[in-house]
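What follows is one structure encoded as structure tokens, with my remarks underneath.
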Amino acid sequence: MSIKENLQQIKNTFLNHECKLIAVSKTKPVEKIMEAYRAGMRDFGENKVQEMVEKQEQMPKDIHWHMIGHLQRNKVKYIAPFVYLIHGVDSFKLLQEINKQAKKADRVIPCLLQIHIAKEETKFGFDEKELTELIEGEALKPLKNVKIEGLMGMATYTENEQTIRSEFSALRNLKTLLKNKALPENVQMNELSMGMSGDYLIAQKEGSTMVRIGSAIFGSRN
Ligand SMILES: *Cc1c(COP(=O)(O)O)cnc(C)c1O
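Going by full-length UniProt numbering, 68 is the number at position 68 of the sequence shown; the sequence numbering is gapless.
In structure tokens:
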């Protein structure tokens with residue numbers, strides 16, 4: 001099937017048509033991404049700074065570029081002028097650097113805080129306690145050039161649907177819990193970025209507002 005047909009098929013299966021689809025284009029060449037663009041896609045996700053910058057330079061300027069991978073602090077400056085949403089903010093130090101570079105670029109950068117929900121040790125992110133302390137404390141208030149729009153998470157890589165479901169459900173509960181607190185001015189809890197090619201339907205059942213889908217659109221990566 002073509003990229004256009006894949007996109008159509010994915011959208012046809014959506015349980016929630018308000019949920020945003022982000023086409024994860026990492027490792028894919030510009031001509032493939034342009035196929036998705038011509039089919040109407042404007043939101044693309046990349047996980048490497050250099051690759052995102054190169055594609056952004058070559059491609060139409062109305063594309064929304066989403067940084068979905070682990071972001072190193074010393075590379076924030078390269079994407080700060082144009083990045084649309086940073087999904088994987090996994091430390092306060094990174095958030096401070098994003099704020100600094102956003103200020104230099106004279107803009108406010110939307111961010112999601114990445115939550116460590118999966119069992120795997122290697123996954124980056126805040127745990128529930130760290131996150132609650134951060135949100136309830138004073139530390140976020142001076143960061144005027146970032147806007148926290150919600151949370152992002154990845155489920156354990158497993159065939160066990162029940163595990164995936166309970167992890168996504170825990171993430172949704174955490175978002176609801178935080179939304180009911182007195183939040184700093186630059187924090188909102190409206191977005192929940194969860195779900196990939198293999199688990200986006202479970203994620204939508206559990207309240208996802210953004211799914212990040214790569215291989216189901218562009219084919220498998222080598
Ligand atoms: C690669 C990637 C995806 C997309 O994965 P697929 O299984 O190809 O849909 C989603 N989120 C993140 C953070 C990724 O790195």
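Ideal placement from N, C-alpha and C gives every residue a C-beta, glycine not left out.
Worksheet entry | Limits of the unbroken alpha helix (DSSP H) element including Ser215 | Ser215 to Phe218
Simplified DSSP assignment, three categories, for Lys147: strand
**Item:** Beta carbon shell of ligand 1 at less than 5 Å from a heavy atom
**Value:** Val24, Asn47, Ile68, Met196, Ser197, Arg212, Ile213, Gly214 and Ser215
* To do: Determine the extent of the alpha helix (DSSP H) in which Ile79 is found, giving its start and end residues.
  => Val76 to Ile79
Residue nearest to Lys28 in terms of C-alpha spacing, selected from Ser91, Val76 and Glu54
Glu54
request  = Compute every distance between the C-beta of Met52 and the non-hydrogen atoms of ligand 2, then say whether any falls below 7 Å.
outcome  = For the structure depicted, ligand 2 is absent and the ligand set comprises only ligand 1.
Count the CB pairs spanning the region 81-96 and the region 106-114 that are closer than 8 Å, and state whether there are at least three.
-> yes
Problem - Whether Leu178 touches Ile135 by CB criterion (8 Å) - result: yes
Practice problem: Measuring only between beta-carbons, confirm whether Asn12 sits less than 8 Å from chain C. | Solution: This model lacks chain C altogether, as it is built from one protein chain only.
- Query: Hey, Gly45 and Ala80: beta-carbon distance below 8 Å or not?
  - Reply: no
Assuming Met194 contacts Leu171 under a Cβ cut-off of 8 Å, what Cβ separation, rounded to an integer in Å, is found between them?
6 Å
Do you know whose CA, among His17, Pro110, Thr156 and Lys48, lies nearest Asp199's CA?
Thr156
Assuming Asn16 is part of the alpha helix (DSSP H), what are its boundary residues? Looking at the DSSP string, Asn16 is not in any alpha helix (DSSP H), and its letter there is neither H nor E.
Just curious, the beta strand (DSSP E) that Gln188 is in, first and last residue? Val187 to Ser193
What distance in whole Å lies between the Cβ atoms of Gln188 and Gly150, which are believed to be in contact at a cut-off of 8 Å? 7 Å
Hey, how far is the Cα of Lys26 from the Cα of His17? 24 Å
(Q) Looking at Glu161: is its Cβ nearer than 8 Å to the Cβ of Ile217? (A) no
Margin query: Cutting at 7 Å between CB atoms, please list the residues of its own chain near Leu7, excluding the five before and the five after it.
Written below: Ala36, Ala39, Met41 and Ile217
- Give every residue of the same chain whose Cβ lies closer than 7 Å to the Cβ of Ser197, excluding the five residues on either side of it in the sequence, and list them in chain order. Ile213, Gly214, Ser215 and Ala216
Check: Once you ignore the five residues that flank Ser169 on each side, which residues in its own chain have a CB closer than 7 Å to its CB?
Finding: Glu206
Note to self: Would Asn99 and Val146 be called neighbours here (beta carbons separated by less than 8 Å)?
What the structure shows: yes
I need the boundaries of the beta strand (DSSP E) containing Phe44, first residue and last residue.
Asp43 to Glu46
### Query
How should Gly153 be labelled, buried or exposed, when 16 other C-beta atoms within 10 angstroms of its C-beta is the threshold for buried?
buried
Quiz item: Secondary structure at Arg107, three-state DSSP: helix, strand or coil?
Solution: coil
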